[in-house]
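881 is the number of the first residue of the sequence shown in my numbering; add one for each residue after it. Here's the structure, in structure tokens; my notes come after.
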Amino acid sequence: RELARILKRRGVESIAIGFMNAYVNGTNEKRMKEILQEEMPGVYICTSSETLPEIFEHERMSTTIVNAVLGPIVSNYIQELSDSLRKDGYKGDVLVLHSGGGVMTSETVPRYAARLASSGIAAGAIASAHIAKLCGFQNAIGLDMGGTSTDISLMYNGELRVTNDWYIEYGYPIGFPSIEILTIGAGGGSLAWIDDGGSLRNGPQSAGATPGPACYQRGGTEPTNSDANVLLGRLGTELLDGKMTLDKEKAREAIRKIAEPFGYTEAEAANAIIKVANANMCDALRLISVRRGYDPRDFALVVFGGAGALHGAHLAKELEIPTVIVPPHPGITSAMGCLLVDVRHDISKTYLMNIQDVSLTELEQTYVNMEQEAAKLLEEEGVPQENTQLIRYIDMRYTGQWRSLSIPVSRPIHSLKEALERFHREHEREFAFSNPEQGVEIYGLRVAATGIVPKPDLPMEQPKGNMNDAIRGKRDVYFEESGGFVEATIYNRSLLPVGSTFQGPAIVEQMDSTVVIPPGFTAEVDPYKNLLLTYKKDMEAK
881 RELARILKRR GVESIAIGFM NAYVNGTNEK RMKEILQEEM PGVYICTSSE
931 TLPEIFEHER MSTTIVNAVL GPIVSNYIQE LSDSLRKDGY KGDVLVLHSG
981 GGVMTSETVP RYAARLASSG IAAGAIASAH IAKLCGFQNA IGLDMGGTST
1031 DISLMYNGEL RVTNDWYIEY GYPIGFPSIE ILTIGAGGGS LAWIDDGGSL
1081 RNGPQSAGAT PGPACYQRGG TEPTNSDANV LLGRLGTELL DGKMTLDKEK
1131 AREAIRKIAE PFGYTEAEAA NAIIKVANAN MCDALRLISV RRGYDPRDFA
1181 LVVFGGAGAL HGAHLAKELE IPTVIVPPHP GITSAMGCLL VDVRHDISKT
1231 YLMNIQDVSL TELEQTYVNM EQEAAKLLEE EGVPQENTQL IRYIDMRYTG
1281 QWRSLSIPVS RPIHSLKEAL ERFHREHERE FAFSNPEQGV EIYGLRVAAT
1331 GIVPKPDLPM EQPKGNMNDA IRGKRDVYFE ESGGFVEATI YNRSLLPVGS
1381 TFQGPAIVEQ MDSTVVIPPG FTAEVDPYKN LLLTYKKDME AK
């Protein structure tokens, strides 16, 4: 109570409580919260045992602190938004996307505010997974490239990878499950520069929205990826259906800052800038696939964002990814992802025990208790019981090891044999090592509670029109594989008929993006108006 009086005098508005062993028993934290609430009514207070009841006090406390920082801010914003919407006649729910790939209602947001961190880029991952499934792929890598950064996600066997080890600010981990997304500083506005050793670099610095790339005519003078793409002819001089004009000469002036020190022509310098950007993105793609034990050749690459389709084909060629998928509207694909999510909550609990010593009866009861908590959350969200889905996971690791793997288990649990066998297989894939003879221990239990929300049906279109109507003209485009500038056909994407196929080199232009189809690639328009790009080496020379 003395502490409460001190905090009250200091004008504290939010408090995070974390006791070292509260993941086992949160009684003391709960009592601390009650005392503070009595002395400081109206102050936002959250405890580590109700936020993230897991071992490792630093990660648990860090997550609780992030929750306390965001809780009052987000709560006030959501409340004002809800009130405003209802005042204007809106009678539905206000659903807020979280980083785990689901949504919460506005009433639940204050309790799990930290889950909103990185939620925006999660929408893109959800959309890319959905689009890949529509195209018949259960394995897909999503690449969302915008103006300043590229966000990369991975779906394997129809499930997006999830991580519990992530952060916004390094050193301040957030322990809530989140869709695993790798972000690098590569975008249309990323700056090309020469380091002290004389090497060409690309990003992570960016020209940003202001002043932006030199070709935008807003005062920018430094060379960017967009300037390079304009000079190479891959970007036209008109964007947004003619509403924005790009200045090719200003792009040329900026590129000279790279060309002259290296003795390159302007086109060679622009090509080098794009090659470095592509190399950075390929490194990131390898990090999320090869370094995780996945072969990129077993995946499709879904490219979106305003700039993703400019680079996607060359990235796929470098990594031998057989198919590139370009959604119908790349620039708003992430926004579409918000329409494809369900209400979701993740309940976790530390459960340390050797797998040989586990009582299945006790384990089942623990899961049942967690499911009751999860079901209560969904009930509070207004989710009907018939739309509720509960999935159990068990975190396992080799005895004496630190890293664990999350393995799905049945409801109810009759045996752990199948989960143990899958653990050995997944450990071999992820870490290139497994030993069925070595002891295995349980590290934690998880329940993913999902409230199924109706999804929009994307329309399938019938073939109509012809390819000639879609041709806008031709222009010279630089492709190193063709030895320089070659004539490429320019298409209007909105007029491309379903079922049509055509060869690169070609450029497909639309309101929110530009698709580059290099030599050797074939493009096909599927019934959902996705562009599917495939590569054949023998076509490159043609």
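Cβ coordinates follow ideal geometry from the N, Cα and C atoms, glycine included.
Anyone know if the C-beta pair for Asn-947 and Thr-931 falls short of 8 Å?
yes
Starting from the C-beta of Asp-1127, find all residues in its chain whose C-beta is less than 7 Å away, skip the five residues before and the five after it, and write them out in chain order.
Cys-1095 and Gln-1097
Cβ pair Pro-1202, Phe-1184 closer than 8 Å
no
What are the partner residues of Trp-1073, as DSSP defines its beta bridges?
Arg-1081
Report all residues from its chain with a CB closer than 8 Å to the CB of Gly-980; omit the five preceding and five following residues, and keep chain order.
Arg-995, Ala-1002, Val-1042, Phe-1056, Pro-1057, Ser-1058, Ile-1059, Arg-1224 and Asp-1226
Just checking my contact of Asp-1031 with Ile-1061 at CB under 8 Å: how many whole Å lie between their CB atoms?
Beta-carbon to beta-carbon, Asp-1031 and Ile-1061 are separated by about 5 Å, close enough to satisfy the 8 Å threshold.
Per the DSSP calculation, Leu-1243 is bridged to which residue(s)?
Answer is none; Leu-1243 lacks a bridge partner.
Can you pull the DSSP bridge partners for Glu-1389?
Asn-1372 and Thr-1394
Within a Cβ cutoff of 6 Å, which residues of the same chain sit near Tyr-1052, ignoring the five residues on either side of it in sequence?
Ser-942
Count the other CB atoms, across all protein chains shown, that sit within 10 Å of the CB of His-1010; report buried if there are 16 or more and exposed otherwise.
buried
Where does Arg-1166 fall in DSSP's three states?
helix
Is the distance from the Cβ of Pro-1429 to the Cβ of Gly-1379 below 8 Å?
A query on residue 1429 cannot be resolved here, the shown segment of the chain reaching from 881 to 1422 and no further.
Residue environment, Ala-1312, which counts as buried when at least 16 other CB atoms sit within 10 Å:
exposed
For a minimum of 4 consecutive residues, which ranges assigned as the alpha helix (DSSP H) are wholly contained in the segment 996-1071?
999-1014
Taking the beta carbon of Ala-1193 as the centre, do at least 16 other beta carbons fall within 10 Å, making it buried, or is it exposed?
buried
Segment limits, alpha helix (DSSP H) that includes Gly-1345:
Careful: Gly-1345 lies outside any alpha helix (DSSP H) and carries neither H nor E.
Would you mind giving the Cβ-Cβ distance between Phe-1179 and Ala-1020, rounded to the nearest angstrom? I have them listed as a contact below 8 Å.
With 8 Å as the limit, Phe-1179 and Ala-1020 qualify as a contact, their Cβ atoms being about 6 Å apart.
Could you give the residue range of the beta strand (DSSP E) that holds Phe-1313?
Taken as a continuous stretch (DSSP letters only), Phe-1313 belongs to no beta strand (DSSP E), as it is neither H nor E.
Based on DSSP bridge pairs, tell me the residues matched to Gly-1324.
Thr-1230 and Asp-1275
Leaving out the 5 sequence neighbours to the left and right, which residues in its chain are closer than 8 Å to Leu-1300 when beta-carbon positions are compared?
Ile-1235, Met-1276 and Val-1320
Once the 5 residues before and after Thr-1330 are set aside, which same chain residues still bring their CB inside 6 Å of it?
Around Thr-1330: Asp-1222, Arg-1224 and Gln-1269.
Neighbourhood of Gly-1100 by C-beta, 7 Å cutoff - its chain only, sequence neighbours within 5 removed:
Cβ neighbours of Gly-1100 beyond the five flanking positions: Ala-1087, Pro-1091, Gly-1092, Pro-1093 and Ala-1094.
Quick check: what's the CA-CA separation for Ala-1139 versus Tyr-1415?
31 Å
Rounded to a whole number of angstroms, what is the C-alpha to C-alpha distance between Ser-1008 and Leu-887?
47 Å
Reference Val-1289, options Met-1216, Val-923 and Glu-1244, closest by Cα:
Glu-1244
Span of the alpha helix (DSSP H) holding Gln-1236?
Per DSSP, Gln-1236 belongs to no alpha helix (DSSP H) and is neither H nor E.
If the criterion is Cβ atoms closer than 8 Å, does the pair Asn-1044 and Asn-1160 meet it?
no
How many Å lie between Gly-906 and Glu-1242 at the Cα?
20 Å
From the beta carbon of Glu-987, is the nearest beta carbon of chain E less than 8 Å away?
The chain inventory of the structure shown lacks chain E, comprising one protein chain alone.
On the criterion of 16 or more Cβ atoms from any shown chain inside 10 Å, does His-938 qualify as buried, or is it exposed?
Classification of His-938: exposed, given that the 10 Å Cβ count is below 16.
Taking 7 Å as the cut-off, is the CB of Tyr-1358 close to at least one heavy atom of the ligand ZN?
With respect to the ligand ZN, the structure offers nothing, as it holds no ligand at all.
Who are the near neighbours of Leu-1112 in its chain, counting only those whose CB is closer than 6 Å to its CB and skipping five residues on each side?
Ala-1150 and Tyr-1358
Could you check the C-alpha separation between Arg-966 and Leu-1219 for me, to the nearest Å?
20 Å
Residues in the same chain with beta-carbon distance under 6 Å from Pro-1084, minus the five sequence neighbours each way, listed in chain order, please.
Excluding residues within five positions, the ones whose Cβ falls inside 6 Å are Gly-1065.
Express the C-alpha separation of Met-1233 and Leu-1296 in angstroms, rounding to a whole number.
13 Å
Using beta-carbon positions only, say whether Ala-1005 and Gly-1022 come within less than 8 Å of one another.
yes
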